[in-house]
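Numbering (our numbering), first residue to last: 7 to 644.
A virtual CB, placed ideally from N, CA and C, is assigned to each residue, including glycine.
Data block below; observations after.
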């Protein structure tokens with residue numbers, strides 16, 4: 007699959023497009039006066055604590071207060087153990103494991119087999135902290151966007167949110183990987199901090215959170231039997247009012263940008279990714295990207311981090327880009343990220359809340375860091391200044407790809423040259439035609455996104471209606487996922503495929519869907535077909551969709567997509583005239599009505615009886631004046 011990056015730079019905005027096999031699949035835009043805030047770190051103060059919602063509002067200097075859910079400030083001990091205990095036990099013997107590689111591998115395999123059997127009994131899949139997926143960034147000495155920090159935990163939370171009845175905690179972004187860990191905050195220590203005379207600042211650090219208490223284990227066994235999990239009473243959950251109080255100052259990171267009328271969503275689990283590692287100051291854990299499959303390499307990388315973390319508090323996740331890298335590369339990364347965190351803490355102590363402590367890098371560098379790889383055949387940019395910046399960035403962190411950075415010099419705009427402008431315009435329309443003649447309709451609402459599949463002009467190439475329907479659905483799958491990525495749709499997405507009778511055909515569509523979703527970097531969960539032929543997808547949403555960024559609410563229909571019909575408007579004119587007669591507010595000798603041309607045509611032709619009734623009602627001559635500037639459902643008496 008050939009991939010290209012096409013960048014268009016102007017004094018007002020920067021646009022970036024990703025093409026796969028010459029098709030637009032992702033589109034980003036950043037305006038100079040309205041830069042995104044995802045990943046920014048702020049010093050805020052709690053303005054309101056809501057026990058009924060187990061959340062709090064935090065003022066960080068934006069138009070609306072940010073929203074902080076309890077799980078973004080505190081994670082349950084039991085879930086922390088399930089997610090991290092196994093990895094922590096392994097990491098204590100890293101040094102010995104490097105020299106005794108094979109016994110450790112056998113031990114780890116036994117552990118994982120035991121965990122897997124336990125989870126399969128429950129219908130779940132185990133998640134290993136040391137094998138969390140980590141996207142391959144390209145920046146070594148600069149902080150990375152939070153949007154590339156927690157994919158695995160996002161998926162884990164999606165699975166658990168329906169079990170415990172609580173909403174999943176927001177994680178930084180659609181591309182997050184390494185995970186914001188579930189470290190428990192000690193309630194007693196936090197309460198002591200709140201009651202202490204000096205509570206001007208608060209950092210959620212590993213030392214202040216404390217380690218989760220280990221429960222007694224039966225017969226000194228390493229794992230509790232399954233029946234013990236089920237019989238044991240669930241742990242008492244921390245309440246938001248025990249952790250936060252109004253006026254308290256805390257450090258938070260933007261996990262989700264403001265969307266619509268909602269403010270930003272924030273988390274106290276700060277993540278600072280570098281080129282080779284992700285530094286998480288609020289936990290004490292070391293993990294390795296699961297994309298690094300070699301056990302020997304995983305152990306080597308962990309050992310390097312353990313040797314070089316020195317006295318630094320916090321945890322580290324080794325990223326995919328670290329595979330095969332030297333120890334010197336890690337030393338530079340760790341030094342930079344630890345120093346960055348120290349600078350952030352110093353600014354926290356020095357500045358008054360609300361205050362911005364750390365700003366995320368710009369759009370182009372963020373995409374280059376998170377997505378650029380050898381799979382890109384070209385990086386094209388139409389601005390000399392932008393070309394020099396990209397060239398410098400790639401030369402520092404991916405020198406083998408420098409030759410693929412190209413300056414576009416043609417007179418024709420670069421986005422017209424590659425057909426990107428036309429594709430973006432299509433992405434703003436609800437109906438998308440398929441090559442076969444079928445089509446899909448995308449409707450974005452406040453609650454969810456509904457996508458409908460129709461055969462349209464496609465009549466099939468066989469005598470079987472089932473084959474025609476199945477082929478349309480399979481073809482629609484690729485376009486649906488492309489549109490989801492391009493429009494950056496998130497939340498709940500419901501797809502109404504054309505009904506198929508045979509299970510094997512449903513399975514074929516489901517397999518095609520899973521294959522296409524595999525190309526999407528945003529955390530996504532898919533539910534199987536239900537009895538009505540619907541498939542539901544949940545996709546992480548961290549910023550506004552393309553439609554919300556490029557468009558505004560229609561001033562005529564106020565966003566409903568509907569306007570009064572000609573007939574309804576004509577009859578409303580009569581009702582308003584009758585009201586004026588009854589209230590004796592009709593003073594002119596002649597009644598003039600200014601309306602949209604379509605309504606004027608209706609009053610002269612199909613609804614001419616309305617004019618007759620108006621003359622009879624008012625006793626005046628009635629004149630209709632067509633005004634193309636009048637909305638079709640609006641009228642005005644003169």
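Terminal residues of the alpha helix (DSSP H) in which residue i lies
i	result
residue 366	Element bounds for residue 366: n/a, residue is neither H nor E.
residue 556	552-556
residue 479	471-493
residue 616	614-624
residue 401	390-403
residue 580	572-588
residue 261	Note, residue 261: premise wrong, no alpha helix (DSSP H); beta strand (DSSP E) at 255-262.
residue 518	509-523
residue 246	246-249
residue 609	603-610
First through last residue of the beta strand (DSSP E) which encompasses residue i
i	result
residue 53	47-56
residue 532	530-532
residue 437	437-439
residue 273	271-273
residue 568	Premise fails: residue 568 is in no beta strand (DSSP E) and is neither H nor E.
residue 643	641-643
residue 548	Unbroken run through residue 548: none, as it is neither H nor E.
residue 447	445-450
Buried or exposed (CB count within 10 angstroms, at least 16 for buried), residue i
i	result
residue 266	exposed
residue 284	buried
residue 567	exposed
residue 409	exposed
residue 381	exposed
residue 298	buried
residue 588	exposed
residue 642	exposed
residue 527	buried
residue 625	exposed
residue 621	exposed
residue 406	exposed
residue 618	exposed
residue 610	exposed
residue 204	With a pLDDT of only 40 at residue 204, under the threshold of 50, the placement of this residue in the model should not be trusted; the figure read from the coordinates follows. Result: exposed.
residue 32	buried
residue 576	buried
residue 88	The predicted position of residue 88 is uncertain, since its pLDDT is 39 and thus under 50; no value can be drawn from it.
residue 596	exposed
Identified DSSP bridge partners for residue i
i	result
residue 283	324
residue 425	According to DSSP, which records beta bridges pairwise, residue 425 is partnered with nothing at all.
residue 502	458 and 540
residue 14	21
residue 293	323
residue 596	627
residue 32	24
residue 74	62
residue 44	Looking at the DSSP assignment, residue 44 forms no beta bridge with any residue, so it has no partner.
residue 387	13 and 413
residue 268	265
residue 37	19 and 40
residue 382	9
residue 632	601
Min CB distance residue i to chain D below 9 angstroms
i	result
residue 274	Absent from the structure: chain D. Only one protein chain is present.
Kindly provide the ranges of any beta strand (DSSP E) runs that are 3 or more residues long and lie completely inside the region 303-376, ordered along the chain. 321-324 and 361-364
Quick test of the definition: if touching needs 3 or more C-beta pairs under 8 angstroms, does the region 595-613 touch the region 534-550? no
Are three or more beta carbon pairs between the region 543-552 and the region 262-278 nearer than 8 angstroms? yes
Quick check: the region 580-598 against the region 301-319, are there 3 or more CB pairs under 8 angstroms? no
Stretch pair the region 266-282 + the region 68-80: three plus CB contacts closer than 8 angstroms: yes
Spell out a yes or no on whether the region 341-349 and the region 284-297 are touching, meaning 3 or more CB-CB pairs, one atom from each, closer than 8 angstroms. yes
Check whether the region 40-53 and the region 362-372 are in contact - that is, three or more C-beta pairs closer than 8 angstroms. yes
Is the region 384-392 touching the region 412-427, taking contact as three or more C-beta pairs under 8 angstroms? yes
Using a Cβ distance threshold of 8 angstroms, determine whether the region 22-33 contacts the region 479-492, with at least three qualifying pairs required. yes
State whether the region 419-437 contacts the region 476-484, with contact taken as three or more CB pairs (one from each stretch) at a distance under 8 angstroms. no
Is there contact here, the region 496-503 with the region 445-465, by at least three beta-carbon pairs under 8 angstroms? yes
Segment contact flag, the region 634-641 with the region 556-570, C-beta cutoff 8 angstroms, min 3 pairs: yes
Does the region 52-64 come into contact with the region 254-262, if we say contact requires no fewer than three beta-carbon pairs (one atom in each stretch) closer than 8 angstroms? yes
With a cut-off of 8 angstroms, do at least 3 Cβ pairs link the region 459-472 to the region 515-523? no
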